[in-house]
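Have a look at the structure below before the remarks.
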Amino acid sequence: MILTRMLRQIFSRKPNGTDIARNSPVANAGRKDVAAILPRLTSPEPDRIFNFFSLIFWNTSNPQSVTAAAKEIIQHAEGGHHFADNFLTWSRNMSMLDDQPFVSAWRSNAESTSDEAIIWRRYILACAAYHCVQLEGDFVECGAYTGVGIKTVVDYLGGTAFPRTFWGYDIFEHDPSMVNHLMPEHGSSLYQRVKEKFSAYPQVKLIRGLIPQVFEGNCPDQIAYMHIDLNQAPAEIAALDCLFDRMVPGAILILDDYEWSGIYRPQKLAEDEWFESRKYRVMPLPTGQGLIIKR
Ligand SMILES: C[S@@+](CC[C@H](N)C(=O)[O-])C[C@H]1O[C@@H](n2cnc3c(N)ncnc32)[C@H](O)[C@@H]1O
Numbered sequence: 698m699i700l701t702r703m704l705r706q707i708f709s710r711k712p713n714g715t716d717i718a719r720n721s722p723v724a725n726a727g728r729k730d731v732a733a734i735l736p737r738l739t740s741p742e743p744d745r746i747f748n749f750f751s752l753i754f755w756n757t758s759n760p761q762s763v764t765a766a767a768k769e770i771i772q773h774a775e776g777g778h779h780f781a782d783n784f785l786t787w788s789r790n791m792s793m794l795d796d797q798p799f800v801s802a803w804r805s806n807a808e809s810t811s812d813e814a815i816i817w818r819r820y821i822l823a824c825a826a827y828h829c830v831q832l833e834g835d836f837v838e839c840g841a842y843t844g845v846g847i848k849t850v851v852d853y854l855g856g857t858a859f860p861r862t863f864w865g866y867d868i869f870e871h872d873p874s875m876v877n878h879l880m881p882e883h884g885s886s887l888y889q890r891v892k893e894k895f896s897a898y899p900q901v902k903l904i905r906g907l908i909p910q911v912f913e914g915n916c917p918d919q920i921a922y923m924h925i926d927l928n929q930a931p932a933e934i935a936a937l938d939c940l941f942d943r944m945v946p947g948a949i950l951i952l953d954d955y956e957w958s959g960i961y962r963p964q965k966l967a968e969d970e971w972f973e974s975r976k977y978r979v980m981p982l983p984t985g986q987g988l989i990i991k992r
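In the working numbering, the protein residues as written are 698 to 992.
Given below as structure tokens:
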């Protein structure tokens, strides 16, 4: 009898030792909050397939020729095409454009043509977040920048009723000694502007400072969703060192630049080594992102 009770106690503990208390009023209330905000998938029209074409892509010596060539290919290809963000494909369902709650979150938050062009990357985040919001644990973005990535996800999942704490870390400025490159919105007023953007969202905690030092006393115990997007290897590895063990089983990690070559390749090289020693393999996505599911 005593042994049975002890075993039950051991197996009803979460990995970090907190009691699960599955049927407690608090846990049930939390589950109801989550169920209430999950967007319903819009039924696609069987005969309508969307296309997406944007002039925003990078790293070519002759953008005009690349655009003309892409247009030429698309003319001879079946519908369901996507051309943007260095990614041409066709005969795809283009699911993101069928998902109306996502389309409105993406449209209402995009502030630049680049934000619009990375629609497929945003949909990967939104779908990962849909899964992760049903786990116990907070959301984290390392590299919050203008907050567009965070707000697209939060607005897809209930907006101001988003039921998790979302930690967004960034220095919001740039100095030439940093390994990552300067971005157009970096500057002394960016932090305040992004804070104002989330004034109606108390669950979004913007933490200003340098990663990894900024994590000291300022990070969640349990993480269900993490997006690392720092454009540089040393800080991304430092973020993994500090936060990966806090991810709960089933949590999803998206590495924004993992599958991008060129100036981003050092990130993949460092991350492969980091994950290899822990027996994880990063799933390279055609969007340029990398995806890991925490065990
Ligand atoms: C590509 S932007 C992030 C874009 C954002 N995740 C989105 O989806 O819209 C990269 C950000 O990482 C930040 N960053 C890079 N290294 C950092 C560090 N060591 N500490 C804090 N922020 C850093 C930069 O300031 C920059 O704003």
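Each residue gets a CB set at the ideal place from its N, CA and C atoms; glycine is no exception.
- Boundaries around residue 952 are those of the beta strand (DSSP E), 944 to 952, since no alpha helix (DSSP H) includes it.
- For the pair of segments examined, the segment 930 to 946 was found to touch the segment 956 to 972: the number of CB pairs separated by less than 8 Å reaches three.
- Residue 966: member of the alpha helix (DSSP H) spanning 962 to 973, first to last residue.
- Between ligand 1 and residue 932, a heavy atom-to-CB distance of less than 8 Å is present.
- Exclusion of the five residues before and after residue 855 leaves 734 as the residues of its chain whose Cβ lies within less than 7 Å of its Cβ.
- Just so you know, the alpha carbons of residue 762 and residue 830 end up roughly 43 Å apart.
- The distance from the Cβ of residue 908 to that of residue 945 is about 21 Å, inconsistent with a contact at the 8 Å cut-off.
- Residue ranges of uninterrupted alpha helix (DSSP H) with 4 or more members, entirely inside the segment 772 to 843 and ordered along the chain, are 792 to 795, 797 to 806, 810 to 814, 816 to 829.
- For residue 987, the enclosing beta strand (DSSP E) has its first and last residue at 987 to 990.
- A distance below 9 Å separates the beta carbons of residue 859 and residue 900.
- A distance criterion of 8 Å places the beta-carbon of residue 953 in contact range of ligand 1, judged by its closest non-hydrogen atom.
- Looking at the backbone, the Cα of residue 957 and that of residue 810 are separated by about 19 Å.
- Residue 760 sits in a helix when the DSSP states are folded into three classes.
- In this structure residue 728 is exposed. Its beta-carbon is surrounded by fewer than 16 other beta-carbon atoms within 10 angstroms.
- In the three-state reduction of the DSSP assignment, residue 884 falls in the coil class, being assigned neither a helical nor a strand state.
- Here DSSP, grouped into helix, strand and coil, assigns residue 890 to helix.
- In the same chain as residue 755, and ignoring 5 residues on each side of it, the C-beta atoms closer than 7 Å to its own belong to 783, in chain order.
- Pairing residue 840 with residue 866, the inter-Cα distance amounts to about 6 Å.
- For residue 841, the Cβ falls inside the 8 Å cut-off from some heavy atom of ligand 1.
- Judged by beta-carbon spacing, residue 849 lies within the 9 Å limit of residue 819, meaning their Cβ atoms are closer than that value.
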